[in-house]
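Start counting the sequence shown at 157; every next residue gets the next number (our numbering).
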Amino acid sequence: MALLAVCLAAGAAVRPAVFGVALAAAGLMAVWVWPGRALELGVVLVLTLRPWVDVFSERRAGLGPFALNPAVLIGLAVLAIAAVLTVQRKRLGLPVWPNPPLRTAHVLLAAAYGVAWFSGVRLFGATGFAEGAREAVRVASVLGAFLLTYWWAGSSPTRYRRAWVYLVIGLSVPLAVAGSQFVTGTGFVDTPGFNRLQGTLSHPNAFGQYLVPFVLLAVSAAVDAKRSRRLWFLGWAIVLTWFIVHSYSRTVLLVLAAGLLSLAVLRTRRIRPRVVLQAVVIAVVLLAVGGVLARDIVKERFANLALGRSALDAALSGNSENSYQWRLINWSVLITMGLTHPVAGYGAGMTTVLNPIVNTDNGVPYNAHNDFVRFFFEGGLLGLTAYVGYVLLLCGWSIRTARASLSDGGRAYAIAAAWLALLFLSAGNTEISLATANLYTLYGLLALQAATPAAVAVAPPFGSVAAAVGTQGIPRER
């Protein structure tokens with residue numbers, strides 16, 4: 157063993173990559189030998205640590221698609237743990253996916269990225285391959301995060317409860333950093349006159365997105381709670397809304413409003429009118445408080461909306477004064493370009509290579525700021541159709557599960573509303589498909605929803621293996 161260490165040290169001195177490969181191999185062996193500990197480590201990386209390092213994930217000009225940073229390293233670790241444990245579960249005869257509808261949804265998602273990747277390689281060769289590979293690894297790590305959380309939380313009620321604790325701990329650091337940014341005036345200052353809070357997330361928009369599911373969870377918990385606990389949850393919903401307001405993200409405010417509306421509509425299908433009225437009252441109170449807090453911000457952000465040649469020139473030069481005006485122009489430019497390759501698009505990840513509208517701060521072309529526009533530009537009509545199918549199946553499963561929930565219905569409704577708002581009802585919200593830290597959180601919540609008995613009991617439309625694993629979710633770990 158000592159001789160091996162000496163050899164590795166000597167090799168690392170000559171080629172540092174040798175040490176990295178050796179360390180990765182040792183890590184994979186450790187996952188295989190201690191799967192239980194590796195599984196919990198993966199859940200901590202997913203629910204707690206990933207949002208803390210998202211600030212490192214911003215891309216800048218000159219950095220290749222495979223540039224390493226703490227966020228990327230966590231993603232690779234999650235992917236590696238999930239891959240090793242998938243092999244182990246297959247050998248033990250344990251199911252990998254919760255049920256066929258979720259698997260089918262993600263087959264469609266893989267198809268959307270596959271079409272885009274193929275198109276990128278066909279049109280741009282090595283560049284298209286590299287950008288597509290980066291996207292494939294990133295999305296695979298997100299799905300790995302989902303599976304790790306599902307396997308771990310579904311193995312016992314104790315672990316299910318502890319997963320929620322990890323999620324709340326993960327929320328604490330971004331909030332603490334955002335509070336420090338508010339006090340010291342050191343937030344994101346791209347908008348003159350506003351100190352935009354971003355916490356540990358890569359951008360204020362991402363920070364606002366990250367908080368939306370927690371607001372919906374707090375509101376739903378307030379509806380189900382009694383007396384003082386109701387005030388406690390409502391208080392937390394107001395605090396989190398205050399942070400969202402001070403992210404100065406107009407689109408996230410729209411997402412929050414859509415999420416609250418979705419939550420109220422979803423709850424009308426299974427519960428008594430009195431409780432529905434309580435949900436509506438709480439949502440109205442929260443929106444009213446948010447409106448008071450955000451009245452100046454909303455007025456400023458919707459002011460001076462203009463279109464035309466001068467607005468286009470301002471957007472192309474990076475000097476557009478109104479971000480919503482800029483987004484309309486950005487979408488128009490990308491859709492017009494996308495019509496040149498309408499069937500299979502330009503390739504996965506190629507938006508930030510080909511978009512003529514460039515971020516003057518980091519030198520990188522802007523993303524689409526709209527998932528449906530992005531999938532059309534990168535994957536054409538084929539990729540967009542597959543992505544829409546993924547969204548419909550995923551949201552449909554989450555809604556059916558929420559309606560079947562009994563003991564955990566409040567949380568399930570909030571999770572379903574968060575997915576609906578962030579995927580469908582965002583009115584041009586910055587792409588959730590590119591906000592990796594937020595996808596980790598959303599998929600962690602989806603995994604917790606899938607780990608409840610009600611999720612297994614929902615009869616899927618394509619048959620089910622749920623009966624083979626019992627009504628308590630996946631089999632307990634051996």
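Where is the CB? At the ideal position from N, CA and C, for every residue including glycine.
Just so it is clear, the structure is predicted and the values come from calculations on it, not from any experiment.
Rounded separation between residue i and residue j - CA only
i: valine 547; j: alanine 181; result: 36 Å
i: glycine 341; j: arginine 352; result: 9 Å
i: threonine 204; j: glutamine 354; result: 17 Å
i: proline 369; j: phenylalanine 532; result: 27 Å
i: threonine 407; j: tryptophan 188; result: 44 Å
i: glutamate 587; j: aspartate 527; result: 5 Å
i: valine 293; j: valine 263; result: 15 Å
i: threonine 496; j: glutamate 291; result: 23 Å
i: asparagine 361; j: leucine 396; result: 14 Å
i: alanine 194; j: glutamate 287; result: 30 Å
i: alanine 374; j: tryptophan 392; result: 7 Å
i: serine 376; j: tyrosine 366; result: 17 Å
i: alanine 319; j: tryptophan 190; result: 19 Å
i: alanine 332; j: phenylalanine 344; result: 15 Å
i: tryptophan 308; j: arginine 317; result: 11 Å
i: alanine 268; j: glycine 545; result: 10 Å
i: isoleucine 400; j: leucine 248; result: 45 Å
i: glycine 281; j: valine 509; result: 13 Å
i: leucine 279; j: valine 228; result: 27 Å
i: valine 529; j: tryptophan 487; result: 7 Å
i: serine 589; j: valine 339; result: 32 Å
i: leucine 387; j: threonine 424; result: 22 Å
i: alanine 420; j: arginine 383; result: 20 Å
i: threonine 242; j: threonine 492; result: 42 Å
i: glutamine 481; j: serine 358; result: 23 Å
i: phenylalanine 212; j: threonine 507; result: 21 Å
Spatial neighbours of residue i in its chain, beta-carbon cut-off 8 Å, leaving aside the 5 residues before and after
i: leucine 184; result: Ala236, Val240
i: alanine 558; result: Leu422, Gly565, Ala568, Tyr569, Ile571, Ala572, Gln605
i: leucine 224; result: none
Cβ-Cβ separation, residue j to residue i (assumed contact under 8 Å), whole Å
i: valine 100; j: proline 226; result: A query on residue 100 cannot be resolved here, the shown segment of the chain reaching from 157 to 634 and no further.
i: serine 336; j: glycine 364; result: Not confirmed; about 17 Å, so no contact.
i: leucine 595; j: valine 298; result: 5 Å
i: leucine 598; j: alanine 574; result: 7 Å
i: asparagine 511; j: leucine 490; result: 7 Å
i: alanine 591; j: arginine 206; result: The Cβ separation is near 11 Å, so there is no contact.
i: phenylalanine 302; j: alanine 603; result: 5 Å
i: leucine 265; j: tryptophan 553; result: Going by Cβ atoms, the distance from leucine 265 to tryptophan 553 rounds to 13 Å, so no, they are not a contact pair.
Min CB distance residue i to chain B below 9 Å
i: leucine 422; result: Given the protein chain composition of this structure (a single chain), no chain B is represented.
Which of helix, strand or coil DSSP assigns to residue i
i: phenylalanine 350; result: coil
i: proline 191; result: helix
i: valine 252; result: coil
i: valine 339; result: helix
i: valine 345; result: coil
i: proline 521; result: strand
i: valine 499; result: coil
Beta-carbon proximity list for residue i, same chain, < 7 Å, skipping 5 on both sides
i: alanine 577; result: Val368, Val411, Ala414, Gly415, Ser418
i: proline 498; result: Gly536, Leu537
i: valine 329; result: Trp208, Thr356
i: valine 202; result: Val234, Ala301, Leu304, Thr305, Tyr596, Gly600
Own chain, CB closer than 6 Å to residue i, minus 5 neighbours either side, in chain order
i: glycine 231; result: Ser297
i: glycine 474; result: Here the model assigns glycine 474 a pLDDT of 47, short of 50, so the residue's position is not dependable, and the following value carries that caveat. Hits under 6 Å: Thr516.
i: phenylalanine 389; result: Ala374, Ala377, Ala378, Ala381
i: glycine 198; result: Val234, Ile237, Leu304
i: alanine 334; result: Leu353, Gly355, Phe399
i: alanine 261; result: Tyr546, Leu549, Leu550
i: leucine 579; result: Val547
i: phenylalanine 285; result: Val277
i: arginine 315; result: Trp308, Ala309
Could you check whether the segment 320-328 touches the segment 536-543, counting it as contact only if at least three pairs of C-beta atoms, one from each stretch, sit closer than 8 Å? no
Is it true that the segment 500-519 meets the segment 272-280, where meeting means three or more beta-carbon pairs spaced less than 8 Å apart? yes
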